[in-house]
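What follows is a single structure, written as structure tokens, with notes after it.
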Amino acid sequence: MARLEAATRTLRALDYEHGGGACVSAVLAQLTTGRRLLGDAVSPDVAARLRLALADLHNLAGWISFDLGRAESAQAHFRAALDLADAADNQSLAANVRYRLGRVHLHHGRLDEALHEFDASAHVAGAAGSELELAIVDANRAWAHAKQGDAVRAERFLAAAHDGFAAADPEAAPDWARFFTAADLTGMTGTVHASLAEAGDVRHVEQAVPALLEAIEGYGESMARSRAFGTIELAVSSLLAGEVDAGVEAGHDAVRQATPIRSVRTVDRMRPLRQAANARPDHEGARELVRRVEAFSAGSG
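Right, here's the structure in full:
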């Protein structure tokens, strides 16, 4: 069982650095092993620990499936994770699963459904007294409202996320929430303002760019995918603000960073970059960036 828990930690780290395609087969193999162990459990205590370990592994499998564009598989794994987390009476993990379900909806533009899951996550996290989980979901509620163009709600939830993170102890966080560091919160801050800019209020670029630059610098090699996403947002924000040279430079950097990552989400997240660069047809560098993004997307499909 300890090996199963350790394997989940290792595979989660691989996903963050190299994308879901780097570890999906290994995660599914570990799930098979875990299910077999649960069937052989000889005591209630062992069974309870195994249920929690399997819930975390299904949560990871759902996230990896989402990263690879397998929405139905992601939903199935997240539902299994919820059932096991409830059986293990672990509200922190249940809150995290619901947050990740919300992220699937958010990615596909189903913002009302995303907010429904985020609200459910916040309710569970609040009941569990988990400041970090609440900070995670508040940051994502801010993102969903930003995509709707609602700056008032977006900024309110973003402020709540900062307050929650300040009150939390990230070092004591469970494995499934430990990714949310100060750099990640700063990255979400930049992403929220970038989304408000994309929704029509370009003034938010002034807040998006410095936050994104700080986050990109703060991400280590182990968070390569997050750094690539942040660089994409930086490029889009710069292009929207009319800083075309800076946007093109960041855009090429984003493609370079994303190329070795085995993630369908990186392709999806390039679409706004292509659109923003395509809106600058008189700029030779922007035209070249469009061609490079298209080549990247075709090669990753």
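In the working numbering, the protein residues as written are 1 to 301. Ideal Cβ placement from N, Cα and C applies to all residues, glycine included. Note that the coordinates shown come from a computational prediction; the quantities given were computed from them, not determined experimentally.
Between E198 and V236, the gap from beta carbon to beta carbon is short of 8 Å.
In the displayed model, Y219 falls within coil according to three-state DSSP, outside both helix and strand. The beta carbon of A53 sits closer than 8 Å to the beta carbons of M1, L4, E5, T8, G34 from its chain, once the five residues preceding and following it are set aside; these are given in chain order. Contiguous alpha helix (DSSP H) elements confined to the stretch 156-218 occur at 182-198, 205-218, taking only those with 4 or more residues.
In this structure, the straight-line span from the alpha carbon of V255 to that of A228 is close to 8 Å. In the three-state reduction of the DSSP assignment, N90 falls in the coil class. Annotation: R262 is outside any alpha helix (DSSP H) and is labelled neither H nor E by DSSP. Judged by DSSP secondary structure, H58 falls within the alpha helix (DSSP H) whose first and last residues are 44-67. In this chain, G129 is not harboured by any alpha helix (DSSP H), its DSSP state being neither H nor E.
By the 16-neighbour rule on beta-carbons within 10 angstroms, H108 is exposed. The residue among G21, L11, R12 with its C-alpha nearest the C-alpha of P260 is G21. Non-local beta-carbon contacts of T32 in its own chain, meaning distances under 6 Å to residues more than five positions away in sequence, are absent. For the set G187, D86, A125, A160, the Cα lying nearest the Cα of A173 is the one of A125. When Cβ pairs closer than 8 Å are counted between the two stretches, the stretch 115-122 is seen to touch the stretch 97-104, the count reaching three or more. Distance from the Cα of F296 is smallest, within the candidate group D282, A88, V264, D245, for V264.
Scanning H58, Q257, A208 for the CA closest to the CA of F78 turns up H58.
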